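*Asks:* Residue numbers (my numbering): 1191 to 1440.
The C-beta atom is built at its ideal place from N, Cα and C for all residues, glycine as well.
Owing to the predicted nature of the structure, the values given are computational and were not obtained by experimental measurement.
Right, I'll just put the structure down here and ask away after.
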Amino acid sequence: MTILPAGESASACGVRFTSNVPFAFMVLDYTPPSTRQHRNKVLSRERHFYQPKDGHRLAHNPFNAIVAPRPIGWVSTKSSKGQVNLAPYSFFNAFNYQPPIIGFSSIGFKDSVKNAQESGEFCWNLVSRSHAEAMNQTSATVPSDIDEFELAGLSKRESTIVGAPHVADCPVVMECKTTQIVQLQSAQGEKCETWLVLGEVVGVHILDSFIIDGVYQTAKAEPVMRGGGQADYFGISEANRFQLFRPKVD
1191 MTILPAGESA SACGVRFTSN VPFAFMVLDY TPPSTRQHRN KVLSRERHFY
1241 QPKDGHRLAH NPFNAIVAPR PIGWVSTKSS KGQVNLAPYS FFNAFNYQPP
1291 IIGFSSIGFK DSVKNAQESG EFCWNLVSRS HAEAMNQTSA TVPSDIDEFE
1341 LAGLSKREST IVGAPHVADC PVVMECKTTQ IVQLQSAQGE KCETWLVLGE
1391 VVGVHILDSF IIDGVYQTAK AEPVMRGGGQ ADYFGISEAN RFQLFRPKVD
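Right under this line is the structure:
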């Protein structure tokens, strides 16, 4: 919608009309031609529609590729017997600002879920580009008594508040206290073999070099994110950054 003050010509906007009424306003429902053309072109395209319950009819399920890229939940935990575990989860994100709450979703009641439940704690380790290969190594399915830190050649570091260790040279680490473990369910109420683990962030470690003038530099950490397919990952750079400030309504 475009609002023009009285006396201003709308011809510059492609509308042949001029208001000469003093202190009046014209309200014009107007969309730039380029935008209209783009919308019409998109609407005219054929679309692939499917209901997940009936199958996607594609070479590979597109769900993970559509909801992407996603930050990786590289989660370290310790069992009640002291066994350490480190595993990546592609369903991970932040869910609350104050108190800060993050969470990961595990398909299957895996060691990370079990340990987070028993100990009430876990750590999230940011996967930078330099850690991508090691992170991938920790995704291997191995017995519970295998230490993934050792498997991937990673050094442990003791956490400040929680008992679970974290990856020593990760640029960012969040220490968490488990708040909820929720078994997901379908719209019909059927239980899924998937558990969402939520935790309050009680401690944050950030390398000083990634903070400039008091502002954490996201791209500087070179975070790796999960894409679709069987092996797709994405990175970001400063060149990808743009800003959109939240609009103010008077």
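#1: At a cut of 8 Å, does the segment 1295-1310 reach the segment 1261-1269 through at least three beta carbon pairs?
#2: Can you give me the Cβ contacts of residue 1434 inside the same chain, cut-off strictly under 8 Å, excluding the 5 residues immediately before and after it?
#3: Quick check on the DSSP output: the alpha helix (DSSP H) that includes residue 1253 runs from which residue to which?
#4: Please say whether residue 1415 and residue 1260 have beta carbons closer to each other than 7 Å?
#5: Looking at the secondary structure, which residues open and close the alpha helix (DSSP H) in which residue 1339 lies?
#6: What does the Cβ neighbour count give for residue 1238, buried or exposed, with the cut at 16 atoms within 10 Å?
#7: For residue 1373, does the three-state DSSP call read helix, strand or coil?
#8: In the DSSP output, which residue or residues are listed as bridge partners for residue 1366?
#9: In whole angstroms, what is the alpha-carbon distance linking residue 1252 and residue 1240?
#10: Do residue 1264 and residue 1326 have their C-beta atoms closer together than 7 Å?
#11: Count the CB pairs spanning the segment 1370-1384 and the segment 1328-1343 that are closer than 8 Å, and state whether there are at least three.
#12: Quick one: using the 10 Å Cβ neighbour count with 16 as the cut-off for buried, is residue 1287 buried or exposed?
#13: Let me check understanding here. Comparing Cα to Cα, which of 1281, 1283, 1308, 1248 lies closest to residue 1274?
*Replies:* Taking the geometry as given:
#1: yes
#2: Translated into the one-based positions of the sequence shown, residue 1434 becomes position 244. If we look at residue 1434 and ignore the five residues flanking it on each side, it has no Cβ neighbours.
#3: The count along the sequence shown starts at 1 and reaches residue 1253 at position 63. That run of the alpha helix (DSSP H) goes 1253-1256.
#4: As a position in the sequence shown, residue 1260 is number 70, starting the count at 1. As a position in the sequence shown, residue 1415 is number 225, starting the count at 1. Yes, the pair counts as a contact, with Cβ atoms nearer than the cut-off.
#5: Position 149 of the sequence shown, counted from the start, is the residue given in the question as residue 1339. That run of the alpha helix (DSSP H) goes 1338-1341.
#6: Counting from 1 along the sequence shown, the entry for residue 1238 is found at position 48. With fewer than 16 other Cβ atoms within 10 Å, it is exposed.
#7: Here the question's residue 1373 lines up with position 183 in the sequence shown. In the structure shown, residue 1373 sits in a strand (DSSP, three-state: E or B).
#8: In the sequence shown, counting from the first residue as 1, residue 1366 sits at position 176. Partner(s): 1312, 1391.
#9: Numbered from its first residue, the sequence shown carries residue 1252 at position 62. Numbered from its first residue, the sequence shown carries residue 1240 at position 50. The straight-line gap from Cα to Cα measures roughly 11 Å.
#10: Within the sequence shown, the letter at position 74 stands for residue 1264. Within the sequence shown, the letter at position 136 stands for residue 1326. Cβ distance not < 7 Å, so residue 1264 and residue 1326 don't count as in contact.
#11: No, they do not touch.
#12: Taking the sequence shown and counting its residues from 1, the one referred to as residue 1287 is at position 97. So residue 1287 ends up on the exposed side.
#13: Here residue 1274 corresponds to residue number 84 of the sequence shown, with the count starting at 1. Ranking 1281, 1283, 1308, 1248 by Cα distance to residue 1274 puts 1308 first.
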